[in-house]
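Under full-length UniProt numbering, the first residue of the sequence shown carries the number 1, and numbering increases by one thereafter.
Backbone N, C-alpha and C define an ideal beta-carbon position, used for all residues, glycine too.
Note that the coordinates shown come from a computational prediction; the quantities given were computed from them, not determined experimentally.
Heads up, the thing below is written out as structure tokens.
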Amino acid sequence: MNNEGKRVTSTARKIKYMWLAKLFSAFLSVDIMIAFVFVGASVYFTEKQGLGNFKFDNYRAVYNEGNNTIYEAYSREDSNKKVRLFITNDLKSVTYQVIDNEGLHDVTSLDMVISILNTVVIWLLCIQLFILIGDLFTSARQIRRTLQPLNELAQTTSRLSNISFDESKVHSLEDAIAKISPTGPNGTLNTTDEDLKGLEAAINCLLERMRESYRQQSRFVSDASHELRTPIAVIQGYVNMLDRWGKEDETILNESIEAIKNESEQMKKLVEQLLFLARGDSGRNQLNFETFSLNDMLQEVYEESLMIDENHMYEFKGDSEAFVYADMSMLKQTARILVDNAAKYTLEKDVISLRCGINNEGISYFSVQDNGIGMKELDVGHVFERFYRSDVARDKKTGGTGLGLSIAKWIIEKHEGYFEVLSREEIGTRITVVLPLKNI
């Protein structure tokens with residue numbers, strides 16, 4: 001057996017003996033407690049039966065007489081009436097006696113009780129001894145099995161520490177890393193060295209995450225530039241039209257002013273959403289958590305929607321028991337985004353339903369459901385991505401920026417909640433926000 005194996009065996013043996021010592025102490029404590037309970041119960045019932053009551057100030061004495069141990073008790077109020085227990089020193093016989101002015105009477109043998117008690121004690125001690133012996137032979141194996149991972153770790157560490165340090169491998173690794181472009185499409189680390197395989201895998205995984213982050217940033221910048229370029233181009237076109245004909249033609253003047261206003265509002269909305277996400281990514285968006293009624297918050301959004309959108313019908317079904325611990329303004333913004341998104345893809349006079357409640361797991365939620373055009377199954381997993389479009393023409397028609405659901409996702413993730421999306425083409429979409437229970 002090597003040194004590591006001996007060390008593990010020695011450690012297992014020490015743990016085994018410590019465990020057996022604790023187990024023996026526990027058994028001994030139980031036995032002593034049982035003995036105290038039995039003696040106390042015997043004293044109580046002896047005095048209760050013989051003296052008619054049990055008092056702590058009763059006179060009590062224990063003394064030897066020949067081969068017997070005698071327990072004697074009497075009331076301080078009536079010393080003529082006494083009770084005695086005659087117990088043989090070999091604990092095989094116990095006699096209960098009552099003595100009063102008329103002499104000795106009510107002599108009762110308790111040998112049967114003592115016999116049963118002795119049997120119980122013997123069985124209890126045998127069981128405890130059996131458990132101790134069983135643990136003596138089995139616990140060491142179990143402890144060694146438990147310590148096996150630590151033993152393997154120690155052996156691996158020992159082998160690694162004995163490996164000679166090869167500086168050429170380090171230089172080879174440095175050269176391979178220097179040739180990799182983090183932003184390149186297919187650059188991976190490959191040193192063909194078996195000892196560096198684990199390190200290669202870790203570095204390649206890191207490079208892939210860096211490339212994915214770079215691709216997302218590039219796509220975000222490209223999409224943001226495209227979104228800003230479109231309204232700027234529209235505004236520039238109407239400005240040129242105003243410059244040519246706007247001074248003489250009032251119709252062109254009014255049309256251009258209205259278009260420039262609309263595009264400016266759209267650009268302002270886009271910039272505000274970009275700033276919100278940028279602040280969120282840098283950790284500068286602060287959330288103020290409080291406990292409030294989800295029912296009341298969603299009802300406010302419902303009433304606002306009725307007031308500002310006359311083209312759709314709205315339904316609300318609440319639950320007064322639904323409470324959350326969240327940032328109310330942020331959560332309300334999420335609900336507004338979902339309602340606005342539903343309205344964009346729902347025909348006029350169709351119904352949009354708002355609902356809140358508590359699910360089967362006791363967690364609060366709210367949902368927005370429409371009867372709109374729905375989504376393809378492939379698109380459902382991407383709807384919360386920034387600037388994602390399943391249909392560019394559709395998004396242009398509705399005037400969306402492609403950032404609303406991304407903002408909603410950021411808000412709900414900060415609340416440690418999640419979305420459930422159910423959508424079918426030409427049937428509609430239901431988006432449910434499930435919120436955590438913490439601190440409520």
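Distance between beta carbons of residue j and residue i, contact taken as under 8 angstroms
i           : j    : result
T357        : A322 : Checking the sequence, you will find Gly at residue 357 rather than Thr. At roughly 6 angstroms, the Cβ-Cβ gap stays under 8 angstroms, so G357 and A322 are in contact.
residue 444 : E290 : Since the displayed the chain opens at 1 and closes at 440, residue 444 lies outside it and no answer follows.
S305        : V339 : 5 angstroms
V234        : E263 : 5 angstroms
L294        : S364 : 5 angstroms
V83         : T46  : 5 angstroms
G372        : G428 : 5 angstroms
K48         : F56  : With a Cβ gap of about 13 angstroms, K48 and F56 do not count as contacting.
V421        : I431 : 5 angstroms
I42         : N58  : What sits at residue 42 in the sequence shown is Ser, not Ile. The Cβ separation is near 14 angstroms, so there is no contact.
Same chain only: Cβ atoms within 6 angstroms of residue i, ignoring 5 sequence neighbours per side
i           : result
L405        : V383, F384
S353        : E315, Q369
E348        : N311
Y238        : S256, A259, I260
residue 442 : Outside the shown range of the chain (1 to 440) lies residue 442, about which nothing can therefore be said.
F27         : Q128
S320        : N295
L228        : none
Y345        : G372, I373
Residues near residue i in its chain [Cβ-Cβ closer than 8 angstroms; skip 5 each side]
i    : result
A393 : Any reading at A393 must be qualified, since the residue scores a pLDDT of 37, below 50, and its modelled position is unreliable; the value itself is stated next. Hits under 8 angstroms: none found.
G246 : I252, L253, S256
S299 : Note on residue identity: the sequence assigns Gln, not Ser, to residue 299. Only F316, G318 meet the Cβ criterion.
L207 : I180, P182, G187, T188, L189
Reduced DSSP secondary structure (H/G/I, E/B, other) of residue i
i           : result
I174        : In the sequence under discussion, the amino acid at residue 174 is Glu, which differs from the Ile named in the question. Of the three classes helix, strand and coil, the one that applies to E174 here is helix, per DSSP.
residue 505 : The first residue shown for the chain is 1 and the last is 440, placing residue 505 beyond what the model contains.
V380        : helix
K414        : helix
A322        : coil
R159        : helix
A317        : Per the sequence shown, residue 317 should be read as Lys rather than Ala. Looking at K317 - three-state DSSP - the assignment turns out to be strand.
N151        : helix
T432        : strand
E208        : helix
T69         : strand
T146        : helix
L422        : strand
R336        : helix
R141        : helix
T11         : helix
K16         : helix
L85         : strand
T188        : coil
Y59         : strand
I99         : strand
N53         : coil
S75         : strand
I427        : coil
Closer than 7 angstroms: residue i CB and nearest the ligand ATP heavy atom
i    : result
R215 : The model depicted lacks the ligand ATP and carries no ligand whatsoever.
7 angstroms Cβ shell around residue i - same chain, five flanking residues per side excluded
i           : result
R336        : V301
A61         : E72
K197        : none
L20         : L132, D135, L136
D309        : A343
K414        : L287
G417        : V433, V434, L435, P436
I407        : Q273, F276, L277, I337
residue 486 : The structure shown does not extend to residue 486, since the chain is modelled only from 1 to 440, so the question has no answer here.
Q333        : I411
Any chain D beta carbon closer than 8 angstroms to residue i
i    : result
A408 : Among the chains of the structure shown, chain D does not appear; only one protein chain is present.
Beta strand (DSSP E) runs contained entirely in the region 343–377, provided each spans 3 or more residues = Counting whole runs of 3 or more residues, the region 343–377 contains the beta strand (DSSP E) stretches 351–358, 364–370.
query = At what residue ranges does the region 238–312 contain a whole run of the beta strand (DSSP E), taking only runs of 3 or more?
reply = DSSP runs (the beta strand (DSSP E)) wholly in the region 238–312: 290–293.
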